[in-house]
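Remarks on the structure that follows.
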DNA sequence: CTGAAAGCGCTTACAG
DNA sequence: CTGAAAGCGCTTACAG
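Residue numbers (our numbering), protein chains in the order written: chain A, 1 to 348; chain B, 349 to 696.
Next up, the structure:
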């Protein structure tokens with residue numbers, strides 16, 4: 001335990017230089033040096049020597065660690081993202097420091113700073129909602145750590161981003177319900193300070209407009225991404241005299257809350273209410289009725305984000321290249337999966 | 349970007365010692381030095397100085413980073429564990445490096461080594477299944493990094509462990525079905541090389557024995573913790589002429605696979621088959637029928653494990669204390685939640 | 001209170 | 001091919 005290069009070298013009667021080189025593995029040209037290298041490695045395992053990664057990174061300025069900042073790991077959606085980011089980066093030899101924000105901007109700022117102090121090679125981040133008076137993080141801006149934003153885009157961001165075509169996603173879910181004859185369509189979204197919420201809501205409004213329907217603000221609930229909030233909002237919605245005939249929940253957590261409320265209210269889906277979810281957790285198909293949903297290609301996106309980060313890291317490492325500061329932003333298409341929770345509205 | 353203590357000091361006309369001390373914040377006895385300290389800090393933010401955590405840790409030998417090794421982050425059960433470990437350790441000022449093994453012992457060994465090279469202050473690990481010829485990891489043994497095992501216990505382990513009373517958990521689920529009059533009870537477990545699988549199965553066998561029922565090996569499926577395996581096994585079980593009247597799935601992933609098979613087979617629960625799950629994912633109550641399940645206190649356990657790790661870390665830091673090598677092992681009780689997926693067996 | 005100096009554990013030109 | 005030496009960016013006794 002705790003043996004160092006110096007101790008190892010002394011026990012071998014060699015210099016740290018030689019031992020270091022042998023251990024690095026580019027040292028076996030001749031038969032005689034090859035034997036030497038093997039002797040060194042044997043002694044290393046004998047002493048239980050394990051190099052100090054901190055010292056190495058300090059010296060080489062190369063770091064095989066990246067940060068991942070997400071709002072919530074229990075959420076199936078982000079759990080899927082984390083898995084793929086972790087796996088993809090892991091295959092490239094990187095370790096991942098996981099940070100969970102709970103959508104708290106201050107927590108996120110602290111975590112970003114900590115990751116920078118850890119000198120991570122880069123970060124994948126799902127940004128939290130903005131604060132009211134969003135003073136720009138100066139250090140963050142000046143920092144050269146490559147960052148890829150995933151799913152959500154922070155205001156004034158100048159980094160790469162891998163996003164969903166949120167407007168279209170909102171449109172698709174709404175359009176499906178309109179096509180089934182629904183007119184009073186309620187929607188649950190996150191706070192308007194989050195890009196995805198705003199844009200999905202835009203899609204919803206666009207779809208209504210395209211059908212010549214005026215937006216009824218009372219059918220829109222924009223709250224935090226928490227199931228309890230969604231539960232309460234849905235309960236209220238369902239208790240109205242002029243109850244909507246359809247409901248869209250635009251994120252995983254909102255789906256859970258909405259479904260809980262629907263069960264509590266004993267409202268029958270799809271007979272009394274058509275329901276459209278977002279995302280595509282495994283258990284969606286285990287429900288009866290199975291959920292109609294706007295599926296989001298999160299796993300793909302996570303892989304893309306990881307690769308893009310890798311690219312940025314390599315770019316930042318190669319000295320010659322004048323780091324292109326043009327952010328690369330891509331948007332991936334959602335697609336509707338029609339199952340059993342939506343149906344044609346019966347004319348009454 | 350990238351400014352160092354030295355640069356900062358030079359720009360202030362001070363020594364690095366003074367600046368370092370001022371930044372560390374124990375430097376404001378007098379009014380005059382207090383002003384000095386503030387001037388230093390102002391300049392630090394001005395230059396966007398952020399200390400290099402690697403250099404600091406190398407020097408101080410203190411590390412505010414721990415490792416977390418789990419089999420699968422998409423699994424609700426481990427996602428819950430990860431969340432609580434992350435949060436608890438985060439509150440104590442630690443960052444968490446997340447490693448996912450997919451139950452591959454070689455991946456786990458590599459990850460442990462990497463974490464040791466990162467000189468993490470400690471680890472929480474859910475061990476993978478053993479390999480056939482389990483050669484002991486010598487370095488791991490010699491290493492002094494504090495480790496807490498969570499949920500599963502590795503063979504010959506000499507570390508602390510926070511576990512479930514698995515025998516009792518298996519007993520409870522089985523006993524419930526026996527009390528309802530079931531005699532042909534099938535069970536899905538993980539590989540026998542995992543402690544939880546073995547012990548839960550023991551509980552199952554004990555319960556059968558207590559009811560004077562001989563164990564029928566053909567009703568036991570011990571496979572990998574993967575839903576596709578569980579799906580196939582369940583399909584086979586349900587296609588038998590002497591189909592069991594009850595089924596227990598002893599982990600989250602096995603529950604998902606079993607339910608998929610049940611739906612495919614059009615077997616009605618609980619009329620034709622009583623079903624007992626394990627764990628308590630949120631969506632269990634969203635199903636119809638809602639799932640009867642053996643709930644496991646994973647969130648509590650994750651918190652306990654995190655605290656226990658913190659304790660071990662502090663112990664390892666205090667030099668005087670002769671590190672007690674007696675492992676502390678605790679087991680937490682599962683508790684049965686009866687919902688609608690189990691019912692009295694009708695005598696025919 | 002301040003600064004010069006040593007050292008944490010590595011890697012890597014640079015001579016030999 | 002090998003070793004002595006410098007240095008990555010900090011912190012912390014040690015004198016002054």
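Glycine residues also receive a C-beta, built at the ideal position from the N, C-alpha and C atoms.
Query raised in the report: Can you find at least 3 beta carbon pairs, one from the region 263–283 of chain A and one from the region 235–249 of chain A, that sit closer than 8 Å?
Result: Contact holds: three or more Cβ-Cβ distances are below 8 Å.
Requested in this report: Kindly say whether residue 224 of chain A, judged by its beta-carbon, lies nearer than 8 Å to any beta-carbon of chain B.
Outcome: Reading the first chain from its first residue, position 224 is the one you call residue 224 of chain A. Not one chain B Cβ lies under 8 Å of residue 224 of chain A.
Requested in this report: Measure the Cβ-Cβ separation of residue 418 of chain B and residue 429 of chain B and say whether it is below 8 Å.
Outcome: Reading the second chain from its first residue, position 70 is the one you call residue 418 of chain B. Reading the second chain from its first residue, position 81 is the one you call residue 429 of chain B. Between residue 418 of chain B and residue 429 of chain B, the C-beta gap is smaller than 8 Å, which places the two residues in contact.
Query raised in the report: What are the start and end residues of the alpha helix (DSSP H) that includes residue 305 of chain A?
Result: One-based indexing of the first chain puts residue 305 of chain A at position 305. Per DSSP, residue 305 of chain A belongs to the alpha helix (DSSP H) from 298–317.
Query raised in the report: What are the start and end residues of the beta strand (DSSP E) that includes residue 535 of chain B?
Result: For the purposes of this step, residue 535 of chain B is identified with residue 187 of the second chain, where counting begins at 1. In the DSSP assignment, residue 535 of chain B falls within the unbroken beta strand (DSSP E) covering 533–537.
Report task. Take the Cβ of residue 300 of chain A as the centre, count every other Cβ of all protein chains shown within 10 Å, and call the residue buried at 16 or more, exposed below. Result -> Within the first chain, numbered from 1, the residue matching residue 300 of chain A stands at position 300. Counting Cβ neighbours within 10 Å, residue 300 of chain A comes out exposed, since fewer than 16 surround it.
Query - Runs of alpha helix (DSSP H) wholly within the region 232–271 of chain A (minimum 4 residues, chain order) - result: Residue ranges of uninterrupted alpha helix (DSSP H) with 4 or more members, entirely inside the region 232–271 of chain A and ordered along the chain, are 252–264.
Query raised in the report: Quick one: does residue 417 of chain B have its CB under 8 Å from some CB of chain A?
Result: The residue you call residue 417 of chain B lines up with position 69 of the second chain. No, no contact with chain A.
Query - Cut-off 6 Å between Cβ atoms - residues of its own chain near residue 496 of chain B, not counting five sequence neighbours on either side - result: In the second chain, the residue the question calls residue 496 of chain B occupies position 148. The answer, listed in chain order, is 472, 508, 653, 656 and 657.
Query raised in the report: Taking the alpha carbon of residue 290 of chain B as the point to measure from, which residue in B:411, B:457 and B:454 has its own alpha carbon closest?
Result: Nothing about residue 290 of chain B can be read from this structure; chain B reaches only from 349 to 696.
Query - Contact list for the region 105–120 of chain A against chain B, Cβ threshold 9 Å - result: Answer set for the region 105–120 of chain A: 107, 111, 113, 114, 115, 116, 117, 118 and 119.
Query raised in the report: Nearest-angstrom Cα distance between residue 455 of chain B and residue 629 of chain B?
Result: Counting from one through the second chain, the residue named residue 455 of chain B turns up at place 107. Counting from one through the second chain, the residue named residue 629 of chain B turns up at place 281. When rounded, the distance between both Cα atoms is 27 Å.
Query - Identity of the residue in A:333, A:337, A:327 and A:343 nearest residue 156 of chain A by Cα - result: By 1-based counting over the first chain, the position of residue 156 of chain A is 156. The candidate whose alpha carbon is nearest that of residue 156 of chain A is A:327.
**Report entry** Among A:204, A:167 and A:332, nearest to residue 183 of chain A - alpha-carbon criterion
**Finding:** Within the first chain, the letter at position 183 stands for residue 183 of chain A. Taking only the C-alpha atoms, the option nearest residue 183 of chain A is A:204.
Report task. Give the DSSP bridge partners of residue 679 of chain B, in chain order. Result -> In the second chain, the residue the question calls residue 679 of chain B occupies position 331. The partner list for residue 679 of chain B (beta bridge, DSSP) reads B:511.
Query - Close Cβ partners of residue 500 of chain B (< 8 Å) along its chain, the five nearest in sequence each way excluded - result: As a working note, residue 500 of chain B is residue 152 in the second chain. Taken in chain order, the residues that qualify are 474, 475, 511, 542, 543 and 544.
Report task. Tell me whether residue 561 of chain B sits in a helix, a strand or coil according to DSSP, three-state version. Result -> Your numbering for residue 561 of chain B matches position 213 in the second chain. Coil, per DSSP.
Query - For residue 534 of chain B and residue 565 of chain B, the rounded distance between their alpha carbons - result: The residue given as residue 565 of chain B occupies position 217 in the second chain. The residue given as residue 534 of chain B occupies position 186 in the second chain. Rounded to whole angstroms, the separation of the alpha carbons of residue 534 of chain B and residue 565 of chain B is 9 Å.
**Report entry** Closer than 8 Å to chain A by CB, residue 434 of chain B
**Finding:** Counting from one through the second chain, the residue named residue 434 of chain B turns up at place 86. Yes - at least one Cβ of chain A is within 8 Å of the one on residue 434 of chain B.
Report task. For residue 677 of chain B, go through chain A and note every residue whose CB falls closer than 7 Å to its CB, in chain order. Result -> As a working mapping, residue 677 of chain B is identified with position 329 in the second chain. Simply none; closest approach about 23 Å.
Query raised in the report: How is the alpha helix (DSSP H) around residue 54 of chain A delimited, first residue to last?
Result: Along the first chain, one-based indexing puts residue 54 of chain A at 54. Secondary structure note for residue 54 of chain A: its alpha helix (DSSP H) is the uninterrupted segment 53–60.
Query raised in the report: Is the beta carbon of residue 650 of chain B less than 8 Å from the beta carbon of residue 446 of chain B?
Result: Position 302 of the second chain, counted from the start, is the residue given in the question as residue 650 of chain B. Position 98 of the second chain, counted from the start, is the residue given in the question as residue 446 of chain B. No, Cβ-Cβ distance for residue 650 of chain B and residue 446 of chain B is not below 8 Å.
Query - Under 8 Å between C-beta atoms of residue 122 of chain A and residue 314 of chain A - result: For the purposes of this step, residue 122 of chain A is taken as the residue at position 122 of the first chain. For the purposes of this step, residue 314 of chain A is taken as the residue at position 314 of the first chain. Not closer than 8 Å, so no.
**Report entry** Close beta carbons around residue 345 of chain A, own chain, < 7 Å, minus the five adjacent residues each side
**Finding:** Taking the first chain and counting its residues from 1, one reaches residue 345 of chain A at position 345. Within the same chain, Cβ atoms closer than 7 Å to the Cβ of residue 345 of chain A are found at 180, 181, 182 and 245, the five residues on either side in sequence being excluded.
Query - Beta-carbon spacing of residue 582 of chain B, residue 635 of chain B below 8 Å - result: Indexing the second chain from 1 puts residue 582 of chain B at position 234. Indexing the second chain from 1 puts residue 635 of chain B at position 287. Taking the C-beta atoms as reference points, residue 635 of chain B is found no nearer than 8 Å to residue 582 of chain B.
Query raised in the report: Of all the CB atoms in chain A, is at least one closer than 8 Å to the CB of residue 443 of chain B?
Result: Here the question's residue 443 of chain B lines up with position 95 in the second chain. Proximity of residue 443 of chain B to chain A, defined by a Cβ-Cβ separation below 8 Å, is satisfied.
Query raised in the report: Is residue 83 of chain A close to chain B, meaning its C-beta is less than 8 Å from at least one C-beta of that chain?
Result: Your numbering for residue 83 of chain A matches position 83 in the first chain. Yes, residue 83 of chain A lies at the interface with chain B (some Cβ there is under 8 Å from its Cβ).
Query - Residues that residue 20 of chain A contacts on chain B, provided the C-beta gap is smaller than 9 Å - result: As a working note, residue 20 of chain A is residue 20 in the first chain. Neighbours of residue 20 of chain A on chain B: none; closest Cβ ~15 Å, over 9 Å.
Query raised in the report: Any C-beta of chain A sitting closer than 8 Å to the C-beta of residue 421 of chain B?
Result: Along the second chain, one-based indexing puts residue 421 of chain B at 73. Yes, residue 421 of chain B lies at the interface with chain A (some Cβ there is under 8 Å from its Cβ).
**Report entry** residue 395 of chain B beta carbon less than 8 Å from that of residue 368 of chain B
**Finding:** On the second chain, residue 368 of chain B is found 20 positions in, with the first residue counted as 1. On the second chain, residue 395 of chain B is found 47 positions in, with the first residue counted as 1. Contact: no.
Query raised in the report: If residue 293 of chain A and residue 176 of chain A are in contact, beta carbons under 8 Å, what's the gap, nearest whole angstrom?
Result: Translated into the one-based positions of the first chain, residue 293 of chain A becomes position 293. Translated into the one-based positions of the first chain, residue 176 of chain A becomes position 176. Contact between residue 293 of chain A and residue 176 of chain A is ruled out by a C-beta separation of about 10 Å, above the 8 Å threshold.
Requested in this report: For residue 17 of chain A, count neighbouring Cβ atoms within 10 angstroms of its own Cβ and tell me buried if that reaches 16, exposed if not.
Outcome: The residue you call residue 17 of chain A lines up with position 17 of the first chain. By the C-beta density criterion, residue 17 of chain A is exposed, having fewer than 16 other C-beta atoms within 10 angstroms.
**Report entry** Cross-chain neighbours of residue 636 of chain B in chain A, by beta carbon under 8 Å
**Finding:** Counting from one through the second chain, the residue named residue 636 of chain B turns up at place 288. Close partners of residue 636 of chain B in chain A (Cβ separation under 8 Å): 287 and 288.
**Report entry** Interfacial residues, the region 29–62 of chain A to chain B, with Cβ spacing under 7 Å
**Finding:** Against chain B - using a Cβ distance shorter than 7 Å - the residues of the region 29–62 of chain A are 48, 50, 51, 52, 53, 54, 55, 57 and 58.
**Report entry** chain B within 8 Å of residue 98 of chain A, Cβ atoms only
**Finding:** Taking the first residue of the first chain as 1, we reach residue 98 of chain A at position 98. Output row for residue 98 of chain A: interface = yes.
**Report entry** Residue-level contact to chain B via CB, residue 138 of chain A, 8 Å cutoff
**Finding:** Translated into the one-based positions of the first chain, residue 138 of chain A becomes position 138. Confidence at residue 138 of chain A is low in this model, with a pLDDT of 49, below 50, so its placement is unreliable and the value that follows should be read with caution. Answer yes: the Cβ-Cβ gap between residue 138 of chain A and chain B drops below 8 Å somewhere.
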